[in-house]
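In my numbering, each number is its position in the sequence shown, counted from 1, plus 14.
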Amino acid sequence: MRVLIVTSGSTGDVAPYTGLGARLRDAGHEVTLATHEPFRDGVDLPFLPLPGDLRRILPRAHGQDGTGSGTGPRALLRLLRLARPLVAELGDGIVTAVRRSRAETVLLSTMVAPLGYQVAEAAGIPWAGVFLQPVFPTGDFGPVLAGGRPLGRAGNRLTGRFLETAARPLYAGPVHELRRRLGLPRRSMAALQRAQQHRWPTFHGFSPSVVARPADWPASQEVVGYWWPERPPGWSPPAEVERFLAAGPPPVFVGFGSMAPGHGGRLAAPVLAAVRAAGVRAIVQAGWSGLRVERAPDVLSVGALPHDWLFPRVAAVVHHCGAGTTAAGLRAGVPAVGVPVLADQPFWARRLHELGVAPAPVPLPRLTADRLAGALRSVTTEPRYAARAAALAARLGAEDGAERVLKWLETPMPPS
15 MRVLIVTSGS
25 TGDVAPYTGL
35 GARLRDAGHE
45 VTLATHEPFR
55 DGVDLPFLPL
65 PGDLRRILPR
75 AHGQDGTGSG
85 TGPRALLRLL
95 RLARPLVAEL
105 GDGIVTAVRR
115 SRAETVLLST
125 MVAPLGYQVA
135 EAAGIPWAGV
145 FLQPVFPTGD
155 FGPVLAGGRP
165 LGRAGNRLTG
175 RFLETAARPL
185 YAGPVHELRR
195 RLGLPRRSMA
205 ALQRAQQHRW
215 PTFHGFSPSV
225 VARPADWPAS
235 QEVVGYWWPE
245 RPPGWSPPAE
255 VERFLAAGPP
265 PVFVGFGSMA
275 PGHGGRLAAP
285 VLAAVRAAGV
295 RAIVQAGWSG
305 LRVERAPDVL
315 SVGALPHDWL
325 FPRVAAVVHH
335 CGAGTTAAGL
345 RAGVPAVGVP
355 VLADQPFWAR
365 RLHELGVAPA
375 PVPLPRLTAD
385 RLAGALRSVT
395 TEPRYAARAA
405 ALAARLGAED
415 GAERVLKWLE
425 TPMPPS
């Protein structure tokens, strides 16, 4: 079967689908991945480019253009507002990708799903959601975009539905215009959303040991387990990193992925001070934030490295709690220190703490050398964090998140 996977966002929004796609390919399917051009080199699958690049938007969302606050709910609202032109571009990109790949089935990530559903409907082909976050409203926990803060069952559901409704304007214009161009009848966003959530399944690529499937979700919403990223083609470990790892006890990893762009300069000093105060060695990843520290015997600054190779070799992971980095740390069985910035990150940071593999999160706006040093001391000296992380990793290792998606693909489907 010709399968098209479509995703948009940052590295963590792309990497899991390289693993899912590889698994489907190895089972005999023709798999194409459509996402933004900068990610082409990290994809060992047939690739189709989507327009736009989140890296153009994030600095403005974080106030790096001098127009506002850089983190927290305000940054999220700015990000949603700034993403509107990107959303409008994505619809045309998905139409082109479906045609060029001659897709017979489309798998859609969270951000592209409202657009991709319309394209699949017009093409008359099946589709499914492949989401990395539990965005469907539930009473079991607080909404992802509200940080997962518990509000009681009724409050959780009410807030989840409010946020679901509040997000509709981001897609309404592009969706209605896309349906018009595709010759589809006009329908309200609420009606489209209901149909999309119940007509075809949504597979959630995280472990039920990390977030259990809510009992009040409809049958169409499934939690299937993680999709582990493939390593970039031809990758081998840098000799400098191997030498550093061999030169002493396991270091901690510090990196904020695609978050906090432009904040690297102000983060370098407190990160370095915290590492020294905690008495640990560190590997510091620049990421999109540009976080760099001067080379020293106890600190190494690095660029992109596959998490599945590096994380099992470190003592703890300090990160922004994006879905992908969170999953990689859990897979490695090492404790974490969560420094969330926006979007789904506070939710995952809270979840790591609730699972007992991380101390209480230190949100980026409140990050200081003292707070980070205290958290580092906790995760590197209190055995309970490492023990819980190792036990959870063992459970994750027994799961196969791609199997359920593969089974669905290979089950005869009714006409769309």
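Every residue, glycine too, gets a C-beta built ideally from N, C-alpha and C.
From the DSSP output, in three-state form, read off S115 for me.
-> helix
For G262, which option in G347, F53, L206, G293 has the closest C-alpha, if you only look at C-alpha atoms?
-> G293
The beta strand (DSSP E) spanning R16 covers which residue range?
-> 16-20
Integer-rounded CB distance, given that H321 should sit under 8 Å from G359 = The sequence given here has Gln at residue 359, not Gly. Between H321 and Q359 the Cβ distance is about 16 Å, and since that is not below 8 Å, they are no contact.
Can you list, in chain order, the residues of its chain whose CB lies under 8 Å from that of R39, leaving out five sequence neighbours each side?
-> V45, L59
Go ahead and pull the three-state DSSP assignment for S24.
-> coil
Skipping 5 residues on each side, what residues in its chain have a beta carbon closer than 7 Å to that of G86?
-> The pLDDT assigned to G86 is 47, lower than 50, so where the model puts this residue is not dependable; a value taken from the coordinates is nonetheless given after this. Only L356, P379 meet the Cβ criterion.
Put E254 into one of helix, strand or coil per three-state DSSP.
-> helix
Alpha-carbon spacing of P3 relative to R402, whole angstroms | Residue 3 cannot be examined here, being either before or after the span of the chain that is shown, 15 to 430.
E244 versus A405 - alpha carbon distance = 24 Å
Below 6 Å CB to CB, which residues in the same chain sit around L196 once its five sequence neighbours on both sides are set aside?
-> A136
Close-in-space but distant-in-sequence residues of the same chain around W214 (CB under 6 Å, 5 per side omitted) = W141, A142
Buried or exposed: which applies to P199, given that a residue is buried once 16 or more other Cβ atoms fall within 10 Å of its Cβ?
-> exposed
Residue interval of the alpha helix (DSSP H) (run including G174) | 166-196
From E118, Y240, Q210, R116, residue whose alpha carbon lies closest to that of R418 = Y240
By Cβ distance below 7 Å, which residues in the same chain neighbour A132 in space, the five residues on each side in sequence not counted?
-> The identity of residue 132 in the sequence shown is Gln, whereas the question assumes Ala. Contacts found: V189, L192, R193, L196, L198.
Contact under 8 Å by Cβ, R365 with V225 | yes
Could you name the residues of the same chain whose beta carbon sits closer than 7 Å to that of G174, not counting the 5 residues immediately before and after it, in chain order?
-> P151, T152, P157
Just mark I19 as buried or exposed, buried being the case when its beta carbon has 16 or more other beta carbons within 10 Å.
-> buried
Hey, A117 and I139: beta-carbon distance below 8 Å or not?
-> yes
Looking at the C-beta of R54, does it have a partner C-beta in chain B at a distance below 8 Å?
-> The structure shown contains no chain B; it is built from a single protein chain.
Can you have a look at S250 and say buried or exposed, based on whether 16 or more other CB atoms are within 10 angstroms of its CB?
-> exposed
V313 beta carbon less than 8 Å from that of F267 = no
Strand pairing of H367, partner residues [DSSP] = In the DSSP output, where bridge partners are listed per residue, H367 has none listed.
Ignoring anything shorter than 4 residues or poking outside the region 379-426, list the alpha helix (DSSP H) runs there in chain order.
-> 383-395, 397-411, 415-423
According to DSSP, is H76 helix, strand or coil?
-> Residue placement at H76 cannot be trusted, given a pLDDT of 49 that sits under 50; what the coordinates show is reported in the next sentence. Looking at H76 - three-state DSSP - the assignment turns out to be coil, as it is neither helix nor strand.
Check whether the Cβ atoms of A383 and P284 lie closer than 8 Å to each other.
-> yes
Bounding residues of the alpha helix (DSSP H) (the contiguous stretch that carries T49) | No alpha helix (DSSP H) contains T49, which is instead part of the beta strand (DSSP E) from 44-50.
Using a threshold of 8 Å, state whether the C-beta atoms of A363 and Y399 are closer than that.
-> no
Less than 8 Å separating the beta-carbons of L122 and V144?
-> yes
What's the call for A260, buried or exposed, on a 16-neighbour Cβ count within 10 Å?
-> exposed
Note down, one range per segment and in chain order, each alpha helix (DSSP H) of at least 4 residues found wholly within the region 202-256.
-> 203-213
Cβ neighbours of V255 in the same chain (closer than 8 Å, five flanking residues each side left out) | I297, L314, V316, L319, L324
Using the C-alpha atoms, what's the distance from M427 back to G80?
-> Unreliable positioning characterises G80 in this predicted model, as indicated by a pLDDT of 36, which lies under 50. A coordinate reading is not provided.
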